[in-house]
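Heads up, the thing below is written out as structure tokens.
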Amino acid sequence: MFRLASKDPTKYERQCDRWEKIRQKGKTRFLLLRGVLGYGGFMYLFMVCARVFVSHERLAWPYMLISCGWFVAGYFWGIWIWRWYDDEFHGAENRSASILPR
Numbered sequence: 045m046f047r048l049a050s051k052d053p054t055k056y057e058r059q060c061d062r063w064e065k066i067r068q069k070g071k072t073r074f075l076l077l078r079g080v081l082g083y084g085g086f087m088y089l090f091m092v093c094a095r096v097f098v099s100h101e102r103l104a105w106p107y108m109l110i111s112c113g114w115f116v117a118g119y120f121w122g123i124w125i126w127r128w129y130d131d132e133f134h135g136a137e138n139r140s141a142s143i144l145p146r
């Protein structure tokens, strides 16, 4: 996605604005779109396609059900990324507030 610790002030401001827009749309939306569908869906499709095209094996229902665990993994990945970026954002907010004159 992006990293908030940029040395370029204009890029830094754009990154903070971008995170704020994502944050305003909500955590649930972020988890579903970026976590469950983005990471989990991608990994599910990747693993299923790898099994079919690389191994040339037919997919069995148990394998497909087990592979659905990627959607659960995507949910937890989304939580982790949300917390990471939120901490970065609030840390950046506090750092910028501390250098401003009072």
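If you want the working numbering, it's the 1-based position in the sequence shown plus 44.
C-beta: ideal position from N, C-alpha, C; glycine also.
- By the Cβ rule, the region 108 to 128 counts as touching the region 71 to 81, because three or more pairs are nearer than 8 angstroms.
- Between the beta-carbon of Gly-84 and that of Ala-117 there is about 6 angstroms, and that keeps the pair under the 8 angstroms contact cut.
- Between Leu-89 and Arg-95, the CB-CB gap reaches or exceeds 8 angstroms.
- When the five nearest sequence neighbours on each side are left out, the beta carbons in the same chain lying within less than 6 angstroms of the beta carbon of Met-87 are those of Trp-114, in order along the chain.
- In the assembly as shown, Gln-68 is an exposed residue. Its beta-carbon has fewer than 16 other beta-carbons within 10 Å.
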